[in-house]
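*Asks:* Residue numbering for the sequence shown follows my numbering, beginning at 139 and increasing consecutively.
For glycine and all other residues, C-beta sits at the position ideal for the given N, C-alpha and C.
Being a predicted model, the structure only gives us computed values, none of them experimental.
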Amino acid sequence: MGNILQEIIQSEEEALRIENEARQEALNIVSEARKKAESVIEEAFGQGEEITKAIFDEARAAALNERKKSLDARKEADELFRQRSREKLDKAVDFIFGKVVNSSWQ
């Protein structure tokens, strides 16, 4: 009888030990899962920052390109305006010169 009682006690102790080990393993699994989740979140955040920077850089480059196109178009328009102004000025000078020369001969 003492032997059976001793076996029951040992079985209960073994069951308690197994239960405690299972709890500890469950805690370890949860802890490891949290660490992995934090790592994944941190990595995703880092990738998000990289993607944001890439999008920002691309938008900035596009804006600078548009600005350059606008400035180039403005320079071209200014040059065309200067060229036409010179032509009109030359015509005006020729006209006035012609009037002055013709009126002085009469």
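1. Can you grab the Cα-Cα spacing for the pair LYS226 / LYS206, in whole Å?
2. In angstroms with no decimal places, state the Cα-to-Cα distance between GLU159 and GLU150.
3. Output the distance between the C-alpha atoms of PHE183 and GLN221, rounded to the nearest integer angstrom.
*Replies:* To lay it out plainly:
1. 30 Å
2. 14 Å
3. Here the C-alpha atom of PHE183 lies approximately 56 Å from the C-alpha atom of GLN221.
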